[in-house]
Structures are given as structure tokens and as C-alpha cells.
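Take any residue in the sequence shown, count from 1 to its spot, add 1: that is its number in my numbering.
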Amino acid sequence: MKKFFGLFVLLALALVVSACSSDSTSDSPDKSKDKGGGSAEGPVEIFSWWTGAGEEDGLLALIDLFNKLHPEIKVENAAVAGGAGTNAKAVLATRMQGNDPPSTFQVHGGEELNKSWVAADKMAPLNDLYEANGWLDKFPEALIELVSNGDNIYSVPVNVHRGNVMFYNKAVFDEHGIEVPTTLDEFFEVADKLQAAGVVPLALGDKESWEATMIFENVLAAELGRDGYLQLFAGEIDFTDERVVAAAEKFGKILDYVNEDHASRNWQDSAQLVAEGKAAMINMGDWAKGYFVNDLKLVTNQDFGYFAFPDTVGDFAVITDTFGLPKGIENVESTKQFLTVLGSVEGQDAFNPLKGSIPARIDADPSKYDDYGKDTIEDFKTAQLYPSLAHGSAASEGFVTKANQAVNIFVTQRDVKNFVEALQNAAPDM
Ligand code: GAL
């Protein structure tokens with residue numbers, strides 16, 4: 002975590018330097034440039050939780066591209082439904098424990114990759130793939146750090162999602178004369194106004210509980226500041242600290258403004274409330290943008306707008322989906338071919354405009370992205386980055402599970418003392 006912090010401070014500079022020297026055509030996934038064996042092997046089984054609305058379009062486009070470039074290699078899409086990997090992660094754990102790994106699987110950069118799989122010696126290093134493809138200066142140093150352990154690099158980031166975004170229904174804001182709130186105080190004023198007018202201010206669907214954890218992590222960043230947030234997850238600040246208590250109180254207050262049926266909705270169902278104008282705003286990762294545009298056919302900056310989570314303007318909650326090479330698989334070369342396409346400019350630009358995320362590579366083509374994507378690509382270059390808790394980068398899977406449970410209890414009981422104590426008790430698992 003400390004290293005992560007240091008690298009993020011250097012990120013803006015690294016991006017500018019590399020952007021000046023990059024050549025977007027130098028890393029085409031063209032077969033003539035394949036560095037792997039290239040021989041046909043068994044199907045490449047791609048394991049993720051990207052099924053259905055708002056999730057699968059990007060993956061299918063990437064698989065399509067791969068099929069075109071490598072008709073000789075079969076691909077098996079082994080996605081398991083459930084936002085944020087609710088079900089997929091359990092299936093993956095069983096398979097990994099049973100020595101039956103998929104060829105490659107979705108895993109968040111950071112502690113999820115490192116503590117769950119690298120520490121258990123389940124992953125093969127990919128340094129050779131990075132070197133062969135000239136990737137070492139094509140991904141931001143901070144992202145490479147998130148997928149590394151010591152000198153070894155263990156996965157390839159396909160994207161960067163932003164977690165501290167609020168999407169809002171433009172017609173609802175216009176109708177009620179609402180200005181975009183930039184601070185939590187302004188948010189509470191706006192929320193009061195909307196509630197008085199009979200509109201649900203904030204949509205929430207925490208059937209799987211990570212959705213509420215996302216709100217809490219952003220309130221933590223708002224209250225502690227980016228640096229305090231990093232210190233908290235580095236174990237340098239206790240969860241019983243008064244700033245965390247203040248964050249928990251504000252989180253509780255935010256929950257006063259959500260739809261009553263939040264516990265029976267998933268993220269798509271709650272995003273739909275905003276699309277339909279039944280709720281004004283939602284804090285959701287920008288996979289919601291993919292859902293609004295691809296599935297609900299809404300138009301960015303016309304039907305819906307976006308702004309940074311209040312009091313985190315200038316910060317960026319990083320969620321990065323990455324794919325690695327489990328030890329013990331038989332089709333290593335074919336899987337490396339897939340990872341090569343996934344890490345290429347063409348692969349990233351096929352996947353990300355549909356997924357709602359921005360490319361992890363610094364030399365992708367911004368013209369392929371809509372206004373939201375272009376803005377986010379720019380923000381990422383200058384923002385102070387912080388790793389998402391709910392999406393596995395800030396802490397181990399064990400801690401995330403306990404944090405989700407604590408959040409879930411807090412959402413119904415609103416007991417701040419119990420909440421921060423539960424988090425503090427879980428802290429040794431971080
Ligand atoms: C995140 C993942 C995103 C998106 C989201 C909702 O954990 O990083 O790509 O799929 O879950 O399922």
C-alpha cells in the first residue's frame with residue numbers, strides 16, 4: 002500500500018512522459034507479432050462474472066476480436082453471473098483449490114490478486130509476456146505495481162473503472178432546478194430538496210451488499226482525504242479513529258435518502274431507477290455507463306450526466322480488472338495469445354468503450370470513447386488515485402467479505418459504534 006501511494010504521486014508525470022513517446026501502432030495484436038508458441042491447444046477458458054446487461058458486451062467484443070486474429074484457437078466463455086463476482090469468486094476458489102483452474106480469470110489488481118492467488122503460489126509470472134510485447138512502458142507504473150509482487154508481474158489489466166462517480170438523471174435535475182453537488186453538505190441540501198419533491202434522491206441496490214460498501218469507501222475518501230484513506234488500509238489509522246466514525250455517520254445519513262426496496266435490487270435494477278427518473282442519482286462504478294448506453298440506449302450528457310462523488314473531486318477510486326495465467330494449466334501458449342490480445346491497443350479499444358471503463362494502456366485511442374470516456378481518461382492522468390475496497394484492490398478478500406458483512410448490518414441497524422468496531426476487529430485480515 003505504501004508503495005502504491007508513492008507510485009500514484011508519480012503517475013501524472015509518468016503518463017505525460019510515456020504518452021509523448023508512445024506509438025499506438027507499435028503493439029498491434031497482429032499474429033505476425035505473436036511471441037508465444039502459436040500452436041493450437043485446448044480451448045482457452047475465460048472465467049469472469051461478465052454476463053448479461055451492462056456486463057458482457059465488452060467481453061464478447063474482445064472474444065470476437067480474438068477469434069478473428071486466432072481462428073485456430075477455440076475460446077470458451079465461462080462467465081458466472083453476479084455483480085462484483087458475488088458468485089464467480091466462490092466458484093473460482095473451489096476450482097483453484099481442486100487444481101482445476103480456468104485458463105485465465107478475472108481478478109482485481111491489488112490485494113485480491115496478491116493475497117488470494119499469488120501468495121498461495123497459484124499464478125505464473127508474466128514478465129516475459131510484458132517484455133516480449135513491450136508493455137512495460139505502455140501501462141501506467143501504478144497499475145503495473147498493482148499487478149506485481151516483488152519483481153514479478155502476475156496479470157494484465159484490461160481496463161480501469163472509476164468507482165467514485167455519481168450518475169444522475171438530467172431531466173430530474175432540470176425539473177427540480179438542481180445543481181451538481183460537489184461537497185457532501187451540498188449533496189444533503191440537494192437530497193432534501195428532491196425528497197421534499199417526492200423523488201428518491203439516491204438509488205441503491207445492495208442485494209449483494211458491495212454496492213453499499215462502495216458508497217462507504219467513497220465517504221471514507223471524502224472524510225479522510227486520499228492520503229488518509231491509503232493510511233487506513235495500510236493499517237496506520239484505526240477504524241475506530243474519529244475520522245472513520247465521522248465517515249460512518251455521514252454514510253448513515255446518506256442512507257436516509259435511498260429507495261426503500263434497496264435490499265431487493267441489484268446494481269442494474271437500481272441504476273434503472275435513475276434511468277426511469279424514479280431516483281435522481283446513483284453512486285456506481287462506470288460499468289453503469291456501459292449499461293445506460295448499451296442496454297438502455299440512453300445518451301451520455303443528454304439523458305444522464307455524471308460528477309465525482311461529493312468531496313472526492315480530483316480523486317479517482319481505481320478498480321482494475323485483470324487477467325493472469327494460473328499455474329498448472331495445459332494450454333499456456335494459447336492463453337498467452339489471449340492475454341496478448343487483451344493487453345493490446347486494439348483489444349483494449351474493443352473492450353472498454355462498451356464496458357464503460359477506460360483503457361489501462363496509456364496509448365489507446367481516445368477518439369473511440371464517448372464524452373464520459375474522454376473525460377475519465379483525462380481525469381485519470383491528473384487525479385489522486387485510491388484503490389477500491391469493495392472491488393478488491395485495497396484489502397484482502399477476507400477483509401472485504403467481513404467489511405461487506407459489517408456494512409450490511411450497519412445499513413439496517415445504523416449503529417456506528419458496532420460498525421467501526423466490527424471493521425477494527427477485521428483489520429488483522431487486511
Ligand atoms: C466489478 C468489476 C467490474 C464490474 C462490476 C459489476 O468488481 O471490476 O468490471 O463487472 O464488478 O459486476
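A virtual CB, placed ideally from N, CA and C, is assigned to each residue, including glycine.
Would you grab the beta carbon distance between residue i and residue j for me? Rounded to a whole angstrom, and I think it's under 8 Å.
| i | j | result |
| --- | --- | --- |
| S117 | V45 | About 22 Å; that fails the 8 Å criterion. |
| D287 | S358 | 6 Å |
| N409 | S210 | 4 Å |
| V200 | A281 | 5 Å |
| V343 | V157 | It should be noted that the sequence gives Leu, not Val, for residue 343. That belief holds up - the Cβ atoms of L343 and V157 are roughly 6 Å apart, short of 8 Å. |
| A79 | F48 | 5 Å |
| T341 | N128 | Their Cβ separation, rounded to whole angstroms, is 14 Å, which puts T341 and N128 out of contact at 8 Å. |
Quick one: residues in its chain with C-beta nearer than 8 Å to the C-beta of residue i, no 5 flanking neighbours on either side, listed in chain order?
| i | result |
| --- | --- |
| E250 | V417 |
| E331 | E42, G43 |
| A172 | G278, D304 |
| L137 | Y131, I145 |
| A428 | G236, D239, F240, F400 |
| S149 | Y155 |
| A245 | The sequence shown places Val at residue 245, rather than the Ala named in the question. Hits under 8 Å: L221, E224, L225, L233, I238, D239, V421, L424. |
| M124 | L114, W118, Y155, S156, G325, L326, P327, K328 |
| V294 | V300, T301, G357, D371 |
Should residue i be counted as a contact of ligand 1 given a C-beta to heavy atom distance under 7 Å?
| i | result |
| --- | --- |
| I216 | no |
| G53 | no |
| W118 | no |
| G253 | no |
| A318 | no |
| H263 | no |
| G286 | yes |
| D322 | yes |
| A192 | no |
| A85 | yes |
| W50 | yes |
| H71 | no |
| W268 | yes |
| H177 | no |
Within 7 Å: the Cβ of residue i and any heavy atom of ligand 2?
| i | result |
| --- | --- |
| E57 | Only ligand 1 can be found as ligands here, which leaves ligand 2 out of the picture. |
Could you check what DSSP says for residue i in three-state terms: helix, strand or coil?
| i | result |
| --- | --- |
| I145 | helix |
| G39 | With a pLDDT of 40 at G39, under the threshold of 50, the modelled position of this residue cannot be trusted; read the value that follows with caution. It is coil, neither helix nor strand. |
| Y258 | coil |
| F308 | strand |
| F168 | strand |
| N353 | helix |
| V108 | strand |
| T402 | helix |
| R266 | coil |
| P126 | coil |
| V417 | helix |
| M431 | coil |
| L203 | strand |
To which residues of the same chain is residue i closer than 7 Å at the C-beta, ignoring the five residues directly before and after it?
| i | result |
| --- | --- |
| R266 | G206, K208 |
| Y258 | A192, Q196, P202, L203 |
| Y292 | A54, G55, Q269, A272 |
| P311 | P182, T183, T184, L185, E187, F188, A223 |
| A264 | D207, K208 |
| A198 | H177 |
| I378 | I359, P367, Y370 |
| I74 | A41, V45, S335, Q338 |
| T52 | A80, A82 |
| M431 | F234, G236, A396, S397, F400 |
Only counting the same chain, and skipping five residues up and downstream in sequence, which positions put a Cβ closer than 6 Å to that of residue i?
| i | result |
| --- | --- |
| P388 | G111, V319, S394, A395 |
| E422 | none |
| D1 | This structure cannot speak to residue 1, because the chain is shown only from 2 to 431. |
| G59 | F352, L355, K356 |
| V119 | N150, Y155 |
| A247 | E224 |
| A365 | V346, Q349, D350 |
| G306 | Y169, K171 |
Assuming contact is defined by CB atoms lying nearer than 8 Å, are residue i and residue j in contact in what I supplied?
| i | j | result |
| --- | --- | --- |
| M215 | A391 | yes |
| H71 | Q338 | yes |
| V275 | N170 | yes |
| V76 | V92 | no |
| E334 | L66 | no |
| F324 | D380 | no |
| T313 | N405 | no |
| G329 | P126 | no |
| D242 | T301 | no |
| G164 | R415 | no |
| W50 | G99 | no |
Can you check whether the C-beta of residue i is within less than 8 Å of a C-beta belonging to chain B?
| i | result |
| --- | --- |
| S271 | In the displayed structure, chain B is absent; only one protein chain is listed. |
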